[in-house]
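Report on the following structure.
2 protein chains.
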Amino acid sequence: MRGQTNFFIIKAITVPTPKKMAKNLTSRSEDYSKWYNELVYKADLAENSGVRGCMVIKPYGYAIWEMMQQELDRMFKETGHQNAYFPLFIPKSYFSKEASHVDGFAKECAVVTHYRLKVDDNGEIVVDQEAKLEEELIVRPTSETIIWDTYRKWIQSYRDLPLLINQWANVVRWEMRTRLFLRTAEFLWQEGHTAHATQQEAIEEAEQMMNVYADFAESFMAVPVIKGLKSENERFAGALETYCIEAMMQDGKALQAGTSHFLGQNFAKAFDVKFADKEGKLDHVWATSWGVSTRLMGALIMTHSDDNGLVLPPNLAPEQVVIVPIYRNDEQYDQTVSKGKALMTALRKKGIRVKLDQRDTHKPGWKFNEYELKGVPVRIAIGPKDIENGTYEVARRDTLSKEIIAEDHVVTHIETLLVEIQEALFDAAKRMREDLTSTASDYDEFKALIKSKGGFVWAHWDGTSETEERIKNETKATIRCIPFEGAKDPGKCMVTGKDSPGMVLFAKAY
Amino acid sequence: MRGQTNFFIIKAITVPTPKKMAKNLTSRSEDYSKWYNELVYKADLAENSGVRGCMVIKPYGYAIWEMMQQELDRMFKETGHQNAYFPLFIPKSYFSKEASHVDGFAKECAVVTHYRLKVDDNGEIVVDQEAKLEEELIVRPTSETIIWDTYRKWIQSYRDLPLLINQWANVVRWEMRTRLFLRTAEFLWQEGHTAHATQQEAIEEAEQMMNVYADFAESFMAVPVIKGLKSENERFAGALETYCIEAMMQDGKALQAGTSHFLGQNFAKAFDVKFADKEGKLDHVWATSWGVSTRLMGALIMTHSDDNGLVLPPNLAPEQVVIVPIYRNDEQYDQTVSKGKALMTALRKKGIRVKLDQRDTHKPGWKFNEYELKGVPVRIAIGPKDIENGTYEVARRDTLSKEIIAEDHVVTHIETLLVEIQEALFDAAKRMREDLTSTASDYDEFKALIKSKGGFVWAHWDGTSETEERIKNETKATIRCIPFEGAKDPGKCMVTGKDSPGMVLFAKAY
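Residue numbers (my numbering), protein chains in the order written: chain A, 564 to 1073; chain B, 564 to 1073.
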């Protein structure tokens, strides 16, 4: 595709990454974790709030999340789902109805016990002990219980099925060690909850949504993912089967990017949700649930970004192109801004998201820096020479290269370039993942690989929770998934020597 | 406008409202409150949940809310605002920093005191008393305090101003008497929070957002509103001035549809938010906040709907047109469905939201009923005779009238009709409000009007909280607003005889 546009390029320059970063970001090689925290903060994505473990999502970070929401919402609606909204609070008794579910979430719940404050005798604001709730309310960590309590009223007959509902909401899980986007006490997500007449249909729904997530990750986030099943240890609390998509980050740690659960009849039984089939026979319905969260922001950042800051795929960038005028006097300001406006209009007509930064309060160098830090895919500079020569300087964020483009061709060039950058990011992420994927033929090699290189490691496993637990304790690596595609040849478990039907994928994970 | 399309109409029929409602809704004249509750439930808008005072917003109700969100969000962005997200929880100490704010909200707060459940010796799930929070967290009833605690870090200089931010969120106010959409413990809303360098700019922002709300109410909801200022008694806790838009419902009660607050420097002082101006001089910033909520759904329902169910303005209807095929055999099914599909495609090309209901599980009569109940603005029936004659039967939800339209003109006709219905609903609502607006020349007349007719009553008031309180206690009517337009001639307070600079608007209110 690049070849098609080459003849419009008057001059191409690749700028080597400067040694001293203007953004003062810690480099990834120096301290990956510190680099991540600094980048999230400095690129205006999010910051810690005064509330333990809760983040503030800043406008730029939220704009990227809105882009994600918009595409996912479209994909959910195209597959027949409708949005609805269920209560934030869950009565404790609901929560307790599905045994493995409460086990999974009880240790990390925010609990509302009172409904009023008052001024005490010292003039202090205190909780009014007389306003104690009869039954405590849990702030939802996930909504299966409150939703299934509602579905009992909505489902009577096969005509009410399938029920295909999604909710965009905030949820709370009282994590002890938190990390912006990756693990926060409160996070934003969507949760799909569906009800079906047959087991087969519910399984197909769970698989479909895993595929929707994979498609979104690859086509919009430019993050390649591996699809598979979770082992029993890693399964959702209350699910019979958890489908997942797993991504690899630059530091060799995996990140679970989305999960879709086949819940069997567990919740239908716990909440007594039955339907009459065409013959009038009653049976419990079959269920799925599936979700992705603001955690995807972490995956996006850690897959593509570099020591200069964020790198955004064009399909999710709030601004795909920024135009910066360069001038020394009022006349040049007017000329470059006016040319910038014309270009902005022409690009917007093509559906491209463009911003013209004509602020006189900041110098071009500051602006270049800022948009590099914020990962805007394409930056166009217009200076007096460009006015003279009928050209634009077009810079790519991903490769940090610049080209001088003739004005007649600039719109076509940018259109092609955005597609090219989207593909290049995906390809680079795929190469990175391949470099970080190994196969271990025995447990010693496995331990060495996990310790030295990290990444995904294929290995044989005997299928038991005990062996998985032992590997986790000894190496910190867990089974990320039992992939649908890959090493399907049988072998012997690297730890116990027992039979293994095929290799599974291990990694240390976020 | 109607005249333009008349010549396409082959036959027009106005169907009188049947005496016995097929929907079995209580009529408005019989019991308005019961009618409202039944309509909300039967039109699939919302229902009560198992959690005290919290509602479930059902898919159809949520789809209307999404339409509202989409338009409001566009209007906010067009006026320069960005979205962001702040924590659900507010530490008790933050909440206490602005004295009148905590007074206003302390009595209706959900308080989180613990962060873990456990299984006790009897196998019961209980709150783990060892997991008690050092400082209690309040579930946000509104976010001024947590946001201003954040703004302190974001604002240093005049370059950081104005800061124009909006948040879409859920909030909780522990109301004792709740009502679907109108007053619920948890509700969905947006809250704008802006910071400015000057008092003048903050006041202009507060006024601008009141105007945005009024524009939205009138142009999209087809709900005419009166703009004005709240009296001190009705002002937001922590505001210097509250701007509002007030609407009149069919039962003669007013509904506050949106508020915009000029907060002065109250929150900037409470949270120590200062900025350096161009000369380096430090000063506290000036603030506004503004919000509308799912309460708008209540206003929408109670303004337009009738004894047959919901009536939706086309600009907010998730489906503007529904097409129902009528058939007696497979051949007719194929013909009418195929004609319906072609029409759907043609209408969608014009940007019209259309649904074709080709379900074979429900009879046409059932479908007609269903879409009347759900307020779909236009219903098109296609029967074997229409196939023969090249016509469609087009029914309007608002007037319950039907017309036979020739197929060559149907697309143009529907386009015009949707505009016409939107205008007709607004006009009807305005007439309804005019019928429900009176002027009281003395207090006896005022009391009689409020008691017999309800509605808006213009009257002179001396400007004191005491008099307003007395009127409220004696009549249940409150000052809805001090309108910007209207009776500006001075007079004497109807209660005390003291000077009044102009009449204000009273009503009983939701």
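Backbone N, C-alpha and C define an ideal beta-carbon position, used for all residues, glycine too.
By the three-class DSSP mapping on this structure, what secondary structure does residue i have?
| i | result |
| --- | --- |
| R916 of chain A | coil |
| K670 of chain B | helix |
| Y623 of chain A | helix |
| F744 of chain A | coil |
| P1064 of chain B | coil |
| I653 of chain A | strand |
| I710 of chain A | helix |
| Y806 of chain B | strand |
| V974 of chain A | helix |
| M584 of chain A | Reliability fails at M584 of chain A, whose pLDDT of 45 lies under 50, so the model's placement of it is uncertain and the value that follows must be treated cautiously. Coil at M584 of chain A, not helix or strand. |
| L859 of chain B | helix |
| Y955 of chain B | strand |
| Y678 of chain A | coil |
| E661 of chain A | coil |
| P1053 of chain A | coil |
| Q763 of chain A | helix |
| K832 of chain A | helix |
| K926 of chain B | coil |
| Y890 of chain A | coil |
| A987 of chain B | helix |
| F1047 of chain B | coil |
| S901 of chain A | helix |
| A609 of chain A | strand |
What's the gap between the Cα of residue i and the Cα of residue j?
| i | j | result |
| --- | --- | --- |
| M739 of chain B | K1010 of chain B | 28 Å |
| Q763 of chain B | E770 of chain B | 11 Å |
| Y776 of chain B | I808 of chain B | 7 Å |
| D923 of chain B | E634 of chain B | 35 Å |
| P581 of chain A | E997 of chain A | Caution is warranted here: a pLDDT of 48 is assigned to P581 of chain A, below 50, making its placement in the model unreliable, and no coordinate value can be reported. |
| A623 of chain B | L608 of chain B | Residue 623 of chain B is actually Tyr in this sequence, not Ala. The alpha-carbon atoms of Y623 of chain B and L608 of chain B are separated by roughly 6 Å. |
| V689 of chain B | A673 of chain A | 13 Å |
| K681 of chain B | E698 of chain A | 15 Å |
| V855 of chain B | W752 of chain B | 6 Å |
| P1053 of chain A | C1044 of chain A | 17 Å |
| E842 of chain B | S720 of chain B | 10 Å |
| T805 of chain A | N796 of chain A | 11 Å |
| S964 of chain B | S706 of chain A | 44 Å |
| W1066 of chain A | V836 of chain B | A small fix is needed here, since residue 1066 of chain A is Met in this sequence, not Trp. Approximately 58 Å between the Cα atoms of the pair. |
| V675 of chain A | H677 of chain B | 7 Å |
| V974 of chain A | S868 of chain B | 50 Å |
| K793 of chain A | I1042 of chain A | 8 Å |
| E1032 of chain B | G616 of chain B | 28 Å |
| E768 of chain B | Q730 of chain B | 16 Å |
| K1000 of chain A | K597 of chain A | One detail in the question is off: residue 1000 of chain A reads as Thr in this sequence, not Lys. C-alpha separation (whole angstroms): 24 Å. |
Tell me, which residues are paired with residue i by DSSP?
| i | result |
| --- | --- |
| L727 of chain B | B:T757 |
| I573 of chain B | In the DSSP output, where bridge partners are listed per residue, I573 of chain B has none listed. |
| L602 of chain B | According to DSSP, L602 of chain B bridges with nothing at all. |
| G854 of chain B | B:E754, B:T822 |
| F1069 of chain A | A:V1020, A:I1042 |
| V885 of chain A | A:K918, A:R942 |
| W849 of chain B | B:H759 |
| S1001 of chain A | A:V1020 |
How close, in whole Å, do the beta carbons of residue i and residue j come, if the pair is a contact with beta carbons under 8 Å?
| i | j | result |
| --- | --- | --- |
| L724 of chain A | A758 of chain A | 6 Å |
| I864 of chain B | Y599 of chain B | 7 Å |
| A851 of chain B | A765 of chain B | The question names Ala, yet the displayed sequence has Thr at residue 851 of chain B. Confirmed, Cβ separation roughly 5 Å. |
| R715 of chain B | F834 of chain B | 5 Å |
| E956 of chain B | V917 of chain B | Their Cβ separation, rounded to whole angstroms, is 16 Å, which puts E956 of chain B and V917 of chain B out of contact at 8 Å. |
| N611 of chain B | L743 of chain B | 7 Å |
- Determine, using beta-carbon pairs with one atom in the stretch 920-936 of chain A and one in the stretch 887-895 of chain A, whether at least three such pairs fall under 8 Å. yes
- Message: I'd like to know if the stretch 1051-1068 of chain A and the stretch 1024-1040 of chain A are in contact, where contact means that at least 3 CB-CB pairs between them fall below 8 Å.
- Response: yes
- Three or more C-beta pairs below 8 Å linking the stretch 986-997 of chain B and the stretch 767-787 of chain B: yes
- Is the stretch 704-717 of chain A close to the stretch 658-665 of chain A, with three or more CB pairs under 8 Å? yes
- Message: Under 8 Å, with one C-beta from each stretch per pair, do the stretch 641-654 of chain B and the stretch 817-825 of chain B reach the 3-pair mark?
- Response: no
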